[in-house]
Structures are given as C-alpha cells and as structure tokens.
Amino acid sequence: MGYAHYTLSDGREAGYGVEAICDKEGCDTEIDRGLGYLCGENPDGWRSEEEYGCGNYYCGSHQPDHECPSQGCGKFDPTGNLSCHRPAGHDGEHRDPDGSGFTETEEGEE
Numbered sequence: 024m025g026y027a028h029y030t031l032s033d034g035r036e037a038g039y040g041v042e043a044i045c046d047k048e049g050c051d052t053e054i055d056r057g058l059g060y061l062c063g064e065n066p067d068g069w070r071s072e073e074e075y076g077c078g079n080y081y082c083g084s085h086q087p088d089h090e091c092p093s094q095g096c097g098k099f100d101p102t103g104n105l106s107c108h109r110p111a112g113h114d115g116e117h118r119d120p121d122g123s124g125f126t127e128t129e130e131g132e133e
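Each number in the numbering used here comes from the position in the sequence shown (counting from 1) with 23 added on.
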C-alpha cells in the first residue's frame with residue numbers, strides 16, 4: 024500500500040495526497056487524510072482490534088480531544104520515548120509501535 028493515495032474499507036479516499044476537512048463535526052479546517060492526521064496507527068481496514076484509535080482524521084486542534092471511543096493506553100516505556108500502542112485499559116503487557124513488549128516504570132524509578 025502506498026501512502027499518497029488509497030481507498031479505505033468504507034470507500035473514503037485517504038493518503039497524504041488527499042485533501043480533506045477535519046472529521047470533527049462543525050470544523051472546517053483543511054487537512055489531508057495522511058497518517059499525520061489519523062487517530063491511531065493504521066486506517067480502518069488495516070487496523071487490528073488490539074490497536075487504539077477510531078480511524079478518523081482530525082486537525083491539530085481536535086486530534087488530542089475528539090472523544091475517541093478507543094483511546095490509546097498512554098503509558099511509556101522506561102526510556103520515556105515509546106508509548107504503548109494498545110487501547111486504554113488493555114490486559115497484558117504494553118507494546119511499542121513495532122509490537123515489542125515493555126514494562127512501564129513508575130515515575131522516578133530507574
């Protein structure tokens with residue numbers, strides 16, 4: 024799959040080459056349907072059930088606050104560089120974007 028232009032399972036066109044409007048109702052901010060505006064890691068049709076995100080595309084103002092029904096875990100690995108890419112409240116270990124497991128450390132623990 025190329026990322027400039029492709030078709031989602033719901034028939035919408037997506038990719039960084041596709042001009043669009045933010046998916047937040049009432050927002051008319053112009054965006055593209057590239058991965059940078061996507062809620063989650065993969066668009067619908069390519070997303071596993073273990074991934075967070077709703078698969079919609081939001082502007083910078085609405086990306087962090089759009090009442091996503093499948094929010095990310097939000098926990099980080101011990102280095103603080105990689106976040107868990109599983110849904111909030113998941114069971115089992117945390118996983119980074121490559122699928123490798125990690126154990127969260129408490130703040131201040133080394």
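C-beta: ideal position from N, C-alpha, C; glycine also.
Around the Cβ of residue i, are there at least 16 other Cβ atoms within 10 angstroms (buried) or fewer (exposed)?
| i | result |
| --- | --- |
| E133 | Note that E133 scores 45 on pLDDT, short of 50, meaning its location in the model is unreliable; the coordinates nonetheless yield the value given after this. By the 10 Å Cβ count, E133 comes out exposed. |
| P101 | exposed |
| A111 | exposed |
For residue i, I'd like the list of residues in its chain whose CB is within less than 7 Å of its CB, leaving aside the five on either flank, ordered along the chain.
| i | result |
| --- | --- |
| D137 | Residue numbering for the chain in the displayed model covers 24 to 133; residue 137 lies beyond these limits and cannot be assessed. |
| D33 | D67 |
| E53 | E42, I44 |
| H113 | C96 |
Sort the options by Cα distance to residue i and report the nearest one.
| i | options | result |
| --- | --- | --- |
| S93 | S71, A37, N104, E42 | S71 |
| V41 | S32, A27, K47 | A27 |
| D88 | E36, A37, D46 | D46 |
Under 7 Å, do residue i and residue j count as touching if we go by C-beta distance?
| i | j | result |
| --- | --- | --- |
| Y39 | D55 | yes |
| K98 | E73 | no |
Excluding the 5 residues flanking residue i on each side, which residues of the same chain have their C-beta closer than 6 Å to its C-beta?
| i | result |
| --- | --- |
| G95 | Y75 |
Return the chain-ordered list of same chain residues with a C-beta closer than 8 Å to the C-beta of residue i, the five sequence neighbours on each side being excluded.
| i | result |
| --- | --- |
| D119 | D100, L105, S106, C107, H108, F125 |
Check your understanding: Taking one C-beta from the segment 78-93 and one from the segment 57-68 each time, how about it: are there three or more such pairs within less than 8 Å?
Key -> yes
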